[in-house]
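Numbering (the working numbering), first residue to last: 25 to 485. Even for Gly, the Cβ is constructed at its ideal location relative to N, Cα and C.
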Amino acid sequence: MTAPPPSLWLATLPESLAGLEPAAPLSRDVTADVAIVGAGYTGLWTAWYLAQARPDLSIVVLEKEFAGFGASGRNGGWASALLPMSLASVAHDHGPEAALAQDAAMRASVDEVVARGRELGVGHLIAKGGTVTLARTPVQLERARADVAGEHALGLGEEQVRLLDADQARARLAATDVLGGTYTPDCAAIHPAALARALARGVQDAGVTLYEGTEVTALEPHRVTTPGGTVTADVVVRATEGYTAGLPGYERAVAPVYSLMIATEPLSDQVWERIGLAERETFSDYRHLIIYGQRTADGRMVFGGRGAPYHFGSATHPRFDSDATVFRLLQDTLVELFPSLADARITHRWGGALGIARDWEASVGLDSDTGLAWAGGYVGDGVTTTNLAGRTLRDLILGQDTELTALPWVGHRSHAWEPEPLRWLGVNAGLTTMRLADGEERLTRRSSLLARAMAPLTGGH
Ligand SMILES: Cc1cc2nc3c(=O)[nH]c(=O)nc-3n(C[C@H](O)[C@H](O)[C@H](O)COP(=O)(O)OP(=O)(O)OC[C@H]3O[C@@H](n4cnc5c(N)ncnc54)[C@H](O)[C@@H]3O)c2cc1C
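This is the structure we're talking about:
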C-alpha cells in the first residue's frame, strides 16, 4: 500500500504513544461476546466503555491498518458539540424536546472527551476554548444572525451560543474583514492521534483484544471473516465510517468524502498575539465550502477544508489523501485570513476520508434480531459524536434503556446512496456547488440561491 503523507498528529505523538508496539493480527478462529470492526474512535470508545461496564465480557477489535489510521488519527481536532444535522432539522423530525436532549448530550460529551482524555494521559494536549465562527461578508453576517436567532428560538441560551459584534469577534480571532461572528464555549481543541493511540492503549489495558493489520473481508450476523481467521460473536459492531463501502454488502451505506489539512511550523508568541485564539478556540467562518482550524498545543496553526473530489465507486486510497491544488488553495485561504502567516513554513500536508450518509444524518443502533450494530455518518463532526456513540452502543449492547438510548439519532436508518454513476455525479455536484455558492455570494452580495437549491445534496437545511 502507498504510504499516506504523514499527518502532523502522527508525527508529533508523545513519545510514550509513538512507541506503542503494533498489536498482532488475527491468526486463528476465535469466539467473543462482542466483535468490533474498525479501531477509530467509534470502535475504541465502544470497546472502552463496554470493558469498563462489564470487565467479564470478551471484546475483540479488528483493524485493517493500525488503531487511529483513519479519520480519528488525522482530523482537525475539534471536539465540538456539532452534529451533521442541524438542531432545527432534528426538531422538525422529532420535536423540540428531543432535539434539545440530543444537543445537551452532545455538549456533555465534549466534557466527557476532555475528562477521559485527561484520564488517558493526553490532557496536556487538550484545551476547551470554544469555537469562534467568523462572518466576513454582510451575507455571512446575516447567516450568523439567523443561526443564533434560530437556535435561541429552539431553546438554546446565550451560554450555549451567542452573536459577536466585529470587535468581540476580532478580539478572539483577528482575521481580515471581520464583521462579526458567533461563539460557543462547547468545543475543545485536541490532538487527535494522541487521543486515538491513548485509547488503543487504554482498551488493551482494560482487557480488550486488539488485532491490527487485520482486514475484515465479510461482516455478517454473528460472524466476521478475515484472511487469518473468523470471529464468532453475539454482537458485531460496524465502526468503519469512511471505509465502509469496502465491505461486501455495504457499498452504498456511507459515501467517503476527503477533507485535507495543512499545518504551519510552531509560530512565535508575537504572531499569536496578532492573531489571537488565546484560549485555543477552534475557528471557522460562514462561507459555504467548509474551512476549520485550531491553534495546537505546540503553537502551530492547523487548517483544513473540503473541496477534494469524491472518487468513483466510493473508492478510498492513500493517494487521495493528498491533492496539490487543494493544499495550495488552503494555504492561500489561510494567508488571506491571516496575512502575517505569508512567510510561515507549511510543515505538514495530509488528508483523510470522512463518512456521509445519504440524508446527512449521523446514527447509532443495534438490530437485536441480527446482533449487528453500527455508528457513523458523522461527516466532519465525529470527534465528540463517536464518544456519544460509544456510550450509546454500550447501553444498547447491554440491553439497558437509558437517557442515551432514547436520543433521536438512535436507530435512525439512512437510505442507501444511489448506484454509480449517479452517486459520483451527485456528491461532486454538491461539492462544486459549495465552491460556486461562495463565488456567487461575493458577486451578488445576496445569500446563494445555488446553495439553497442544492441543499438536499449538501446537507443544507
Ligand atoms: C481531515 C479530517 C478532518 C476532520 N476534522 C474533524 C474535526 O475537527 N472535528 C470532528 O468532530 N470531526 C472531524 N472529522 C471527522 C472525524 O475525524 C470522524 O468522523 C471520526 O474520526 C470517525 O471515527 P470512526 O472511528 O467512526 O472512523 P475512522 O477513524 O475512520 O476509523 C475507521 C477504522 O476502520 C478501519 N477499517 C475500515 N475498513 C475495515 C475493514 N474492512 N477491516 C478492518 N478495519 C477496517 C480503518 O482502517 C479505520 O482505522 C474530520 C475528518 C477528516 C478526514
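With respect to Ala217, Leu34 sits close: the two C-beta atoms are nearer than 7 Å. In the displayed model, Gly101 falls within coil according to three-state DSSP, outside both helix and strand. Between the stretch 93 to 109 and the stretch 125 to 139 there are three or more C-beta pairs closer than 8 Å, enough to call the two in contact. Just so you know, the alpha carbons of Leu301 and Leu178 end up roughly 29 Å apart.
Collapsing the DSSP output to three states places Leu420 in a helix. Here DSSP, grouped into helix, strand and coil, assigns Ser338 to helix. Phe93 has its CB nearer than 6 Å to a heavy atom of ligand 1. Less than 7 Å separates the beta-carbon of Trp448 from that of Phe336. Three or more beta-carbon pairs drawn from the stretch 160 to 169 and the stretch 465 to 472 are found closer than 8 Å, and the two stretches are therefore classed as touching. For Val295, there is no enclosing beta strand (DSSP E); the residue is found in the alpha helix (DSSP H) stretching over Asp293 to Ile299. Proximity to Glu444 across Arg437, Asn452 and Met285 peaks at Asn452, based on C-alpha coordinates.
The beta carbons of Ala212 and Ile150 sit about 5 Å from each other, so the pair counts as a contact at 8 Å.
Secondary structure in the stretch 65 to 126: the beta strand (DSSP E) runs of 3 residues or longer, each lying completely within the stretch, are 83 to 86 and 102 to 104 in chain order.
Placement of the Cβ of Glu385 at a distance of 6 Å or more from every heavy atom of ligand 1 is found. Tyr65 is positioned such that its CB atom lies closer than 7 Å to that of Thr410. Of all C-beta pairs linking the stretch 393 to 404 to the stretch 257 to 267, three or more are shorter than 8 Å, placing the two stretches in contact. Unbroken alpha helix (DSSP H) stretches of 4 residues or longer found wholly inside the stretch 344 to 400: 348 to 361, given in chain order.
Counting along the chain, the unbroken alpha helix (DSSP H) around Gln228 starts and ends at Pro216 to Asp229. Our two residues, Ala381 and Leu158, have alpha carbons roughly 28 Å apart in a direct line. Spatial neighbours of Pro120 in its own chain (CB-CB distance under 8 Å, excluding positions within 5 residues in sequence) are listed in chain order as Leu178 and Gly179. Straight-line spacing of the CA atoms in Trp374 and Val114 works out to 33 Å.
Following the DSSP letters along the chain, one finds Asp171 inside the alpha helix (DSSP H) bounded by residues Pro162 to Leu178. Ligand 1 approaches Glu89 closely enough that one of its heavy atoms is under 6 Å from the residue's Cβ. Ligand 1 has a heavy atom closer than 6 Å to the beta-carbon of Leu86.
Note: Tyr207 is bridge-paired with Val156 and Arg186 in the DSSP secondary-structure output. In the same chain as Asp258, and ignoring 5 residues on each side of it, the C-beta atoms closer than 6 Å to its own belong to Asp57 and Gly395, in chain order. Nearest to Pro38 by C-alpha distance, out of Phe362, Asp322 and Leu428, is Asp322. Nearest in C-alpha terms to Pro333, of all of Thr320, Gln318, Thr349 and Ala122, is Thr349. When the Cα atoms are used, Phe351 and Ala269 turn out to be separated by approximately 26 Å. For Asp425, there is no enclosing alpha helix (DSSP H), as DSSP marks it with neither H nor E. In the DSSP assignment, Val146 falls outside any alpha helix (DSSP H) and carries neither an H nor an E. Fewer than three Cβ pairs drawn from the stretch 416 to 425 and the stretch 276 to 289 lie within less than 8 Å of each other, which leaves the two stretches out of contact.
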